[in-house]
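Single-structure report; data block below.
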Ligand code: GLU
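Residue numbers (the working numbering): 4 to 444.
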């Protein structure tokens, strides 16, 4: 059965980049009728925070990316210790004692000599006595996985055929000196034991994948299918990594971005399919295919989310936005006509408030000198209430007959006088909502 997972580290809020990963894994699982696991990668006790775990769940729920199971790495430390023992018994795990400064120096030397900065495995030559001495002096060493120096190959769902020379990669550290288990091994153990069949993650993980394939094989597991999506850049192709902090999902939510807008964009951006607003998750699932994504960096422009949000809102019935309409201050008896008037004229729900204020308080009229008389005449012709969708038509017909004006010369001065603006909602829909006018009726 298809099983995927989204595996954030709860060390911060999730952003659009993380969402891409979450969404792809979610869609693969749902399309196959499989299982989607939310795995909290919290093996780092210092940086992991419960508040981030809660925020991640809230963000996913907001988007409707419901998970079937939650797993926490901090509750599985015994499993990782078992795996580490297994690797030790196999002779694939060794303790190394270099300090970060020493490693840095080694790397610099290698680079100076034009060699790739790969860990030189000096620790493999340490005798037991030397290790004891180093341990006494420096404390426990780190544990490195001894890679087999051969080519590591896989067919990536996005990048195609990959072949990496294991000799060009340092033996990965899987356990730190202080005993902290690192993601590289924890992830392998989890993916294997949880039966994960498909792993989609960012292309910054390609080298990890190479080493993880060897670890999975050493532990006797089955390799999942891997796909590495490209990283997001800004609209000009600039690195987004620094700005990702400002593209947290919670901030987008704050700015009024609608989930369907965000999902519609992120589920297709960077693929050969067009970005179009989709009406629901089923439609997103239906058309999703990870193989249609390209390896090139993907340009992301936060501004693209707003037209999609506006379009989505336009499609909604009042029942879906009733709370927002009420929060804007609209009385219940006007909610229906108000929404019908406003929905074509908002970008986010936050704009409702302004339209309600216009209805409630009116606007500073915008009347050109040459229109003063015309407006006075028009006001005198305003029919008696109650007003409805027909009133505007009846009224402007009467004004036209009385003044001889027509077209733009007729409608524009009226619009500007009533709304203080040159553009805006359908006047026929707006007029019955204008409280000043209602009061007269
Ligand atoms: N916790 C890892 C990360 O956020 C998970 C990577 C993976 O999907 O394996 O980068």
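Backbone N, C-alpha and C fix where the C-beta goes; we use that ideal spot for every residue, glycine too.
Applying a distance threshold of 5 Å between residue Cβ atoms and the heavy atoms of the ligand GLU selects 10, 12, 44, 190 and 204, given in chain order. Residue 379 has its alpha-carbon roughly 39 Å from the corresponding atom of residue 326.
Contact check between the stretch 250–258 and the stretch 54–69: three or more CB pairs, one atom from each, fall below 8 Å, which counts as touching. The stretch 274–283 and the stretch 291–311 touch, with no fewer than 3 CB-CB distances between them shorter than 8 Å. Residue 74 has 42 as its beta-bridge partners, per DSSP.
Closest by C-alpha distance to residue 78, out of 99, 341, 48 and 102, is 48. Under DSSP, residue 202 takes part in a beta bridge, and its partners are 229.
Restricting attention to 202, 217, 424 and 156, the CA atom closest to the CA of residue 175 is found in 217. Out of 33, 139 and 318, the CA that lies nearest to the CA of residue 346 is found in 318. DSSP places residue 97 within a strand segment (E or B) once states are collapsed to three. Secondary structure note for residue 288: its alpha helix (DSSP H) is the uninterrupted segment 284–289.
When DSSP reads this structure, residue 166 sits in a beta bridge with 156. If you look at residue 305, you'll find it isn't in any alpha helix (DSSP H); DSSP assigns it neither H nor E. Under DSSP, residue 274 shares a beta bridge with 296. Here the alpha carbon of residue 65 sits roughly 48 Å from the alpha carbon of residue 124. Residue pairing by DSSP puts residue 178 in a beta bridge opposite 146 and 184. Contact check for residue 201 against residue 227 passes: the beta carbons are separated by less than 8 Å. In summary, residue 267 is buried, with 16 or more beta-carbon neighbours lying within 10 Å of its beta-carbon over all protein chains present. Around the C-beta of residue 435, 16 or more other C-beta atoms lie within 10 Å, and the residue is accordingly described as buried. Beta-bridge partners assigned by DSSP to residue 18: 251. DSSP places residue 8 in the uninterrupted beta strand (DSSP E) bounded by 6–9.
Residue state for residue 331 is assigned as coil, using DSSP reduced to three classes. If you compare the alpha carbons of 5, 259 and 288 with that of residue 269, the shortest gap goes to 288. Between the alpha carbons of residue 15 and residue 164 lies a gap of roughly 33 Å. Taken through DSSP and simplified to helix, strand or coil, residue 35 comes out as coil.
The stretch 344–390 contains no complete beta strand (DSSP E) run of 3 or more residues.
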